[in-house]
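Participant: Below is one structure. I have some questions about it.
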Amino acid sequence: MTITKQMPVLQTKGLVKRYGSVTAIDHTDFELYPGEILAIIGDNGAGKSSLIKALSGALSPDEGEILLDGNPVHFSSPMEARSLGIETVYQNLAVSPALNIADNLFLGREIRKPGILGSVFRMLDKKTMEERAQAKMEELGLMTIQNISQAVESLSGGQRQGVAVARSALFGSKVVIMDEPTAALGVKESRRVLNLIKEVRSRGLPIILISHNMPHVFEVADRIHIHRLGKRAAVITPLSHSMSDAVAIMTGAMEVESDTQAVS
Amino acid sequence: MSTTDPKVSTAVLDHDKVADQAQTYVAKFERNETFAHRFQRFLHKYPVAAPSIVLVLAIIAFSLIVGNRFLHPFNLSLVLQQVTIIGVIGIAQTLIILTAGIDLSVGAIMVLSSVVMGRMAVDYGLDPWLALLAGIAVGALTGLINGLLIARMKLPPFIATLGSWNVFFALNLWYSKSETIRSQDINATAPLLQWLGETINVFGARLTYGSLLMLLLFCVIWYALNWTAWGRHVYATGDDPAAAKLAGIRTDRVLLSVYVLAGVVCAIGAWVLIGRIGSVSPQAGYTANLDSITAVVIGGCSLFGGRGSIFGTLVGALVVGVFRNGLALAGVDVLWQEFTVGILIIVAVGVDQWIRKGTA
């Protein structure tokens, strides 16, 4: 068995974020490797969300650096992170209910018609957007949705999550971050979304998955980053540790020596 | 690590194995729905449908009650003339209501702009085109003030425009010295300002240039709302501002642009107003505020934002116009016209709630 030391797609070194006297991120190291699903788990208040916000550009860290493909990057807004290929699927489903699926997929990144229609009259190329939306939804196996021009509000929670994931897969060129994608869903719908996550990985996009749901994490993750007290407590794999080990590390009941960090 | 730990594979994968045998669809769409349900869905998908049905029924009813006088092209073009100002102001109001806002100052902006146009042309002897531009600039500026109050200072639109309504109206009384500029004076110095009141004859119908300009404006705004990214952003901002922001839309800029555009449209309404009444009066168009909201609401636009069609407002204005005209021809007292419009508003909002409830 050879451990291939690849360059991380996304990496942090000694990241720090303080809110007054509280240190939300305490010299955190983090690595995401190409083509993997990395789950981040941690107890409430462990600093997961702060770490995610820093990675998606929603907050700027006080110290440390973020490296994308080995190059240091500074995000001053989520838009900047997004323009560099880091897409985030938010827990509260950032979709517009009254707009249709195609409109939602391209919201904020619309395609205009070529030529004078697009440049002077700013006309949208609805046909191209619908075709590309349709193709992406089919590619991800989401075509239980009958009609690409149906309003998102007529979809179920799982289907809406599907639209949000499809959007991130359509535009994310480097990393997709998913914040609790199955939290609001039923059993069957969660299953579809988990399959969807694997589908996105099989397209070669690495995924950061934040979840409280241990069985889901252990099912889809290649590696699991366990966050505790603002720093990385351990990185394990579903094969090397059990769920109860993970919970033990998360809560501090078990210590892990630093050299057991798993590498993909 | 290549050996699979049996403990993990069974523990992890067993727990919802049954889910794999579950039915494969995520959601099932009931096909055996009632007619009412399908109708509800239809109205939801096509927001212009409900007011259009009311308009057609009203036209049929009044042509049965009043007879040929109602259906005569001359009378129908009269209805169009009567709704022209409300139609134009309704365009401005629709844009704002689509963003989940409301603008109580549209009438005041229109009157202030018309006074500026009139004074610039008649009192200062400016070129009429420059006077028009000055009026439109005032419309844009007043819209910008509303926009800054709402998008930047985050004041609730209702309160912000309630305040600016009074401010703009007071400015209008001050600048006009509460005096009317007479039609003859405008005609002598700047006939361009009255040009939109001129009519052309089409098969016995007398269409004003103002009505044609209104129809053109509806088409332009329809295009902007449905075929440009800006239009999609207006809908998204009104529908769910948080989601729009997460999608990367600068919602404050969208709001600002909407209020400025609404101000410009109101100023165009000022030109139409001068054409319609001939003179420039600081007291004209006072009811345009609430009438425009009436047209938008009857036109099927949701006051909660993000839902509705610009042509719904045209149909809504026409519904009000047809009811007023038809009732007047039928010899019904004016007070029952008001009564009817009131009922229409309540029914329209009730229908909107019913549609939203059925499909949410």
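Residue numbers (the working numbering), protein chains in the order written: chain A, 421 to 684; chain B, 109 to 468. Just so you know, even glycine gets a beta-carbon here, dropped at the ideal spot from N, CA and C.
(1) What separation, rounded to the nearest whole angstrom, lies between the Cα atoms of R580 of chain A and G175 of chain B?
(2) With L165 of chain B as the anchor, note down where its alpha helix (DSSP H) starts and where it stops.
(3) Going along the chain, which unbroken runs of the alpha helix (DSSP H) with 4 or more residues stay wholly within the segment 301 to 381 of chain B?
(4) My assumption, with CB atoms under 8 Å, is that A501 of chain A sits in contact with G477 of chain A. Please give the rounded CB distance.
(5) If we define contact as Cβ-Cβ less than 8 Å, is A144 of chain B a contact residue for chain A?
(6) Which residues in chain B sit within 7 Å of A518 of chain A, going by Cβ to Cβ distance?
(7) For the beta strand (DSSP E) containing F182 of chain B, list its first residue and its last residue.
(8) At 7 Å on the CB atoms, spell out the chain B contacts of E530 of chain A, in chain order.
(9) Any beta carbon of chain B sitting closer than 8 Å to that of D523 of chain A?
(10) Per DSSP, what are the beta-bridge partners of H645 of chain A in this structure?
(11) How do the segment 346 to 354 of chain B and the segment 411 to 427 of chain B stand: do at least 3 beta-carbon pairs fall below 8 Å, yes or no?
(12) Using a Cβ-Cβ cut-off of 8 Å, state whether R643 of chain A counts as contacting chain B.
(13) So L354 of chain B contacts chain A; which residues on that side make the cut at Cβ distance below 7 Å?
(14) Quick check on R766 of chain A - is its C-beta less than 8 Å from some C-beta in chain B?
(15) Taking only three categories from DSSP, how would you classify I258 of chain B?
(16) Does DSSP put N491 of chain A in a helix, in a strand, or in coil?
(17) For a cutoff of 8 Å on Cβ pairs, would you count R621 of chain A as touching chain B?
(18) Report the residue from A:E456, A:S470 and A:Y453 whose alpha carbon sits nearest the alpha carbon of L435 of chain A.
(19) Tell me whether S664 of chain A sits in a helix, a strand or coil according to DSSP, three-state version.
(20) Starting from the N-terminal side, write out each stretch of the beta strand (DSSP E) that is 3 residues or longer and does not extend beyond the segment 555 to 602 of chain A.
(21) Could you name the residues of the segment 397 to 431 of chain B whose beta carbon sits closer than 7 Å to any beta carbon of chain A, in the order they occur along the chain?
(22) Are the segment 516 to 524 of chain A and the segment 565 to 578 of chain A touching, with three or more C-beta to C-beta distances below 8 Å?
(23) Bridge partners for T508 of chain A per DSSP, in chain order?
(24) Let me check understanding here. Comparing Cα to Cα, which of B:N397, B:V372, B:R361 and B:S319 lies closest to L485 of chain B?
(25) To the nearest angstrom, report how far apart Y283 of chain B and L249 of chain B are at their CA atoms.
(26) Give the C-beta separation of A352 of chain B and H341 of chain B to the nearest angstrom, bearing in mind that I take them to be a contact with Cβ-Cβ under 8 Å.
(27) Along the chain, where does the alpha helix (DSSP H) containing E609 of chain A start, and where does it finish?
(28) Does DSSP put F450 of chain A in a helix, in a strand, or in coil?
(29) Quick one, are the C-beta atoms of W237 of chain B and L304 of chain B less than 8 Å apart?
(30) Please compile the residues from chain A whose C-beta is within a distance smaller than 8 Å of the C-beta of I357 of chain B.
(31) Give me the Cα-Cα distance between H632 of chain A and I244 of chain B, rounded to the nearest whole angstrom.
(32) Using 10 angstroms around the beta-carbon of D599 of chain A, count the other beta-carbons present and answer buried if the total reaches 16, otherwise exposed.
(33) In chain order, what residues of the same chain lie with their CB nearer than 7 Å to the CB of A158 of chain B, ignoring the 5 residues before and after it?
(34) From this set, A:E550, A:S441 and A:D446, which residue's C-alpha is nearest V526 of chain A's C-alpha?
(35) Please state if the CB of A298 of chain B and the CB of V230 of chain B are separated by a distance shorter than 8 Å.
(36) Give the DSSP-derived three-state secondary structure of Q426 of chain A in the structure shown.
Facilitator: Judging by the given coordinates:
(1) 53 Å
(2) A157 to I173
(3) 317 to 335, 337 to 347 and 349 to 354
(4) 3 Å
(5) no
(6) Y343, D347, G414 and R415
(7) Not the beta strand (DSSP E): F182 of chain B falls in the alpha helix (DSSP H), residues P181 to L206.
(8) A337 and R340
(9) yes
(10) A:I460 and A:V655
(11) yes
(12) no
(13) Y510 and A514
(14) Nothing about residue 766 of chain A can be reported from this structure: the residues present for chain A run from 421 to 684 only.
(15) helix
(16) strand
(17) no
(18) A:S470
(19) helix
(20) 595 to 599
(21) G414 and R415
(22) yes
(23) A:I597
(24) With chain B running from 109 to 468 in the structure shown, residue 485 of chain B is simply not present.
(25) 16 Å
(26) 7 Å
(27) V607 to S622
(28) strand
(29) no
(30) L527 and G528
(31) 57 Å
(32) buried
(33) L151, G408 and V459
(34) Looking at the sequence itself, residue 526 of chain A is Phe, so the reference to Val does not match. Measuring from the Cα of F526 of chain A, the nearest candidate turns out to be A:E550.
(35) yes
(36) coil
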